[in-house]
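To start, the structure under review is shown below, and the notes come after it.
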Amino acid sequence: MVQEIENGRATGGRLALYTAALYLIPRPSIEAVKALTPLFESPRPVPSVLLAAASMINHYCLHTPACHQKAPVARIAEILATRVQSHCSPSAGAEGEEVPLAFFKAIGNMGVATPAVTRAAVQCIEEEGLETSIRVAAAQAFRQANCFRPAVEKLVDIAVRPAFDTEVRIASYLAAVRCAEQEHLEKIIEKISKEENTQVRGFVLGHLINIQEGSCPNKENLRYLLANVVIPTDFEKDFRKFSRHIDMAYYAPALGMGAGLESNIIYAPGSFIPRAVNLNMRATVDETPMDIAEIGARFEGVDSIIEELLGPQGYLRKATFGKIMEDITGFAGEKGLKIMEHFKHTMRTRRSIDASVISDFFGKLYGESSSHTHADIFARFMGHEITFADVAQSLKGVTADTLIETFFSFFENSLEHMKDLNLNTARTAQLSMDYSLPTIQGTPLKLNLAATAVAGLKMEGNVNIARSSLTWAIPTHKVCPGLCTSHWLL
């Protein structure tokens, strides 16, 4: 799989299958981990593959004590640290923002903290001119790492330092508190109790109180350390204006089961909408905690757009209802005309299409302020990040005109492919399971299950609308699906 990915032979559906396979290997060997090294050394890494490969290393570490000392794991961690360190500078550019973000999230999936990783992450966190999203990702790289004391001490120092950004401080605190010891908690409470930043103060103290009053099994050690600690409660608790950690959970010790929802709402000083929000669903089965699913988003630069539209001097406050309706009607008519022109062009009528101007109302959404807007989203499953995206980067330059152009370009290409269509493809899938179960006689019961499935699809068709202006010709289609399976059980 690694060779095919590196050589570019695995694309599309096959690449997705290989990525899923990396996630699903339950007990990889050290040789399998070593084979992943080229994926992290690649000059053009695929983010989704990096996340999956890092998760596979995490599966190895779950069953191998001190896995970070194994040569292949240490080598991969060093590669990641070196690559992000070379990109953690304000002059790295747009590509420099994307590359360390992908690698830091891979480090977070891998869950390995080494001296090299710690140095690289701390350097990025402390780089003032770097994008906040990168600095937050650097702190989150320790979210499920082994408890490496130098890393914890660095993160605690960053969390209590007033000079740093609110998001960076809170992210560093959340990464550090997992492995915090008594001295770290005392330092955090002492410094944060005197904190002037109400967003950091309210979030950290509220989070510690939730730990102290909670019942989650994986926080039992922290709860013990906080048992006799008096945590100040004189902080703002309104999550509509202030950063808060919300934890709603129920755990039944007699059954060893429980479930809960956890959310972090983070504001920046002076912001009236959240800068970052996440929601985490977790469960406990047989006293084993699991982070089932987590989704999150962070927004930057949105305040100015909202204020421009809804503020005291905003468009919606100053414009009359008639003006708003006039702008919307003009926009709809303008774009409707463009759609008809495209449709007639697709039907092979030759008419010129004039460029249109976006209405004043929608110009507010595509003004200069949008260039400073960042919107990042991510999704995690069972503690592993499976996808992330910079939505604002993807939407830069997107207007109604470009959407119309893109849609009809895709439509015309689809019509071209439907001419003399002849599709003949087949896919195979194999399943092999081997179980050995103990019996009362002392002789194991061995079960082998092997199955093979072959699915084929033949499709023929012909769609031709060029001869008939706006009248569809009678198309001809032929679809011949096929399926063959075989299995045996011993």
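Count the sequence shown with the UniProt record's numbering and you get residues 1 to 490, in order.
All C-beta atoms in this analysis are idealised placements derived from N, C-alpha and C, irrespective of residue type, glycine included.
Only residues of its own chain outside the window of five on either side were considered, and among them 51, 54, 55, 58, 384 and 385 have a CB closer than 7 Å to the CB of residue 109, listed in chain order. With a beta-carbon spacing of about 5 Å, residue 172 and residue 139 fall inside the 8 Å limit used to define contacts. Setting aside the 5 residues that flank it on each side, residue 431 is surrounded in the same chain by 451, each with a C-beta closer than 6 Å to its C-beta; the list follows chain order. Pairwise C-beta distances place the stretch 233 to 247 in contact with the stretch 193 to 202, as three or more of them are shorter than 8 Å.
Between residue 122 and residue 72 the beta-carbon gap is near 24 Å, outside 8 Å, which marks them as no contact. By DSSP's assignment, residue 379 forms a beta bridge with 295 and 387.
Apart from sequence neighbours up to five positions away, the residues of its chain that approach residue 81 with a beta-carbon distance below 6 Å are 116, 117 and 120, ordered along the chain.
A check of alpha carbon separations from residue 141 across 128, 325, 147 and 106 identifies 106 as the nearest.
With at least 16 other beta carbons inside 10 angstroms of its own, residue 60 counts as buried. For residue 276, DSSP records a beta bridge to 266 and 298. Beta-bridge analysis with DSSP links residue 374 to 300. Here residue 77 has 68, 107, 110, 112, 114, 116 and 117 as same chain residues with Cβ atoms under 8 Å from its own Cβ, once five neighbours each way along the sequence are excluded.
Per DSSP, residue 25 lies in no beta strand (DSSP E) and is assigned neither H nor E. Sequence-distant Cβ neighbours of residue 286 in its own chain, meaning closer than 8 Å and more than five residues away, are 256 and 257. Per DSSP, residue 56 lies in no beta strand (DSSP E) segment; the continuous alpha helix (DSSP H) that holds it begins and ends at 47 to 62.
Contact between residue 433 and residue 449 is confirmed by a C-beta separation of about 4 Å, below the 8 Å threshold. Annotated as proximal: residue 177 and residue 211, with beta-carbon spacing under 9 Å.
The same chain holds no residue with a CB closer than 7 Å to that of residue 11 once the five nearest residues on each side in sequence are set aside. If only uninterrupted alpha helix (DSSP H) runs of at least 4 residues are considered, those enclosed by the stretch 75 to 125 are 93 to 110. For residue 5, the enclosing alpha helix (DSSP H) starts and ends at 2 to 6. Cα atoms of residue 162 and residue 192: separation of roughly 9 Å, rounded to the nearest angstrom.
Proximity to residue 453 across 444, 100, 442 and 426 peaks at 426, based on C-alpha coordinates. Residue 264 and residue 293 have their C-alpha atoms roughly 14 Å apart. Taking C-beta separations shorter than 8 Å and ignoring five residues to either side along the sequence, the partners of residue 70 in its chain run 30, 33 and 64, following chain order. Annotation for residue 252: the continuous beta strand (DSSP E) segment containing it runs 244 to 252. Inter-residue distance for residue 128 and residue 164 is about 8 Å (C-alpha atoms, whole angstroms). With fewer than 16 other Cβ atoms from the protein chains shown falling within 10 Å of its own Cβ, residue 229 counts as exposed.
Cβ-Cβ distances below 7 Å link residue 160 to 187, 188, 191 and 192 in the same chain, with the five nearest sequence neighbours on each side left out; the list follows chain order. Residue state for residue 226 is assigned as coil, using DSSP reduced to three classes.
The straight-line gap separating the alpha-carbon atoms of residue 302 and residue 277 is approximately 14 Å. Per DSSP, residue 160 is not a residue of any alpha helix (DSSP H), being assigned neither H nor E. For residue 38, the uninterrupted alpha helix (DSSP H) run begins and ends at 37 to 41, by DSSP.
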